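Counting in the working numbering, the sequence shown runs from 696 upward without gaps.
Working notes, structure below.
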Amino acid sequence: MRRKLAAGNWKMNGTSESLAEIDTLIKEHAEAGCDMLICPPATLIHRMADAAKDTNLAVGGQDCHAETSGAHTGDISAVMLRDAGASHVITGHSERRVDHGERDETVRAKTLAAIEAGLTAIVCVGESLKEREASNTLDIIAGQLSGSIPDTVTGQNLVVAYEPIWAIGTGKVPTLDQIGEVHDYMRSRLERRFGAGVARSVRLLYGGSVKAGNAAEIFGVSNVDGALVGGASLKAADFGPIVAALSASS
Ligand code: 13P
């Protein structure tokens, strides 16, 4: 069955001294009953991957370019992430979709590049507050899933994260019923497109204001296989209890 995944997205946070957080996490959660992943800024991937070698912590990128190499100043390819020691990469995070105008086609091309480079892609989807208030959530999710996920995925190289934009960094969290509705719907959409075998092995994460205090109840919702955590992943003291709650729910 699906092994649960506690993933941290450090976003544009962290310098050399933040690596101490990883040492603590590895030390305190060596026996975690779930997978652990941290996606630090690109500047820390290599060193973090070295520090996490032969441990139960995986390291990922936060974005990649769709091409392997070329004249794209400032960008990083999936092959480069892999070379630096990453095993995962986030694609289509709402902060990329909004800040950088990334559309579904771009996210799909990046996700394909990630898979071809041997990475697991964590494809993010999620509605805005306006879309939720207009009762368009499931349509938005359906469109993002079909537009952002390439045809060649498997249960091993795809993870999907549901991150309602209005819940990110706001302290607002959907109700457990709302989370369950979207996760059940995502599973059924994946089943319809890829068949039950693939769809049932893809891990579905919830992201948006996950904290130690709400993690256990969120992990009790059907089809929630873990979390993609922003702010509360920066410190081992905050992320550790989330890892523990997920392990306990496994
Ligand atoms: P917060 O946990 O800070 O709300 O961020 C969620 C997120 O965007 C993870 O990718």
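Glycine is no exception: its CB is placed at the ideal position from the N, C-alpha and C atoms.
On a predicted model such as this, the values are computed, not experimentally measured, just so you know.
- Rounded to the nearest whole angstrom, the CA to CA distance from residue 843 to residue 794 is 17 Å.
- The criterion of a C-beta distance shorter than 7 Å is satisfied by residue 760 and residue 772.
- Here residue 792 is buried, its C-beta having at least 16 other C-beta atoms within 10 Å.
- For residue 901, the beta-bridge partners assigned by DSSP are 857 and 922.
- Residues of the same chain with a CB within less than 6 Å of the CB of residue 757, apart from the 5 flanking positions on each side, are 734 and 785 in chain order.
- Residue 772 sits in a strand when the DSSP states are folded into three classes.
- In the structure shown, residue 894 adopts helical secondary structure according to DSSP, grouped into three states.
- Annotation: the continuous alpha helix (DSSP H) that includes residue 935 extends over 931-944.
- Between residue 833 and residue 861, the gap from beta carbon to beta carbon reaches 7 Å or more.
- Note on the stretch 795-875: whole beta strand (DSSP E) runs with a minimum of 3 residues are 815-820 and 853-857, in chain order.
- Under the three-state reduction of DSSP output, residue 916 falls in the coil class, being neither helix nor strand.
- The ligand 13P has a heavy atom closer than 6 Å to the beta-carbon of residue 923.
- In this structure, the C-beta of residue 866 stays at least 6 Å away from each heavy atom of the ligand 13P.
- Under the three-pair Cβ rule at 8 Å, the stretch 892-909 counts as touching the stretch 918-930.
- Contact check for residue 879 against residue 898 fails: the beta carbons are separated by 7 Å or more.
- Distances from the CB of residue 708 to the heavy atoms of the ligand 13P are all 6 Å or more.
- Short note on residue 909: C-beta not closer than 6 Å to any heavy atom of the ligand 13P.
- Counting the other CB atoms within 10 Å of its CB gives residue 730 a total of 16 or more, which places it among the buried residues.
- When rounded, the separation of the alpha-carbon atoms in residue 705 and residue 891 is 33 Å.
- Exclusion of the five residues before and after residue 806 leaves 786, 816, 818 and 845 as the residues of its chain whose Cβ lies within less than 6 Å of its Cβ.
- Residue 850 is positioned such that its CB atom lies closer than 7 Å to that of residue 896.
- Per DSSP, residue 783 lies in no alpha helix (DSSP H) segment; the continuous beta strand (DSSP E) that holds it begins and ends at 783-786.
- In this model, residue 831 and residue 702 are separated by some 27 Å (Cα to Cα).
- Secondary structure note for residue 715: its alpha helix (DSSP H) is the uninterrupted segment 714-723.
- Short note on residue 902: C-beta closer than 6 Å to some heavy atom of the ligand 13P.
- The C-beta distance from residue 741 to residue 779 rounds to 5 Å, short enough to fall under 8 Å.
- Membership of residue 743 in the alpha helix (DSSP H) is indicated by the continuous run 737-746.
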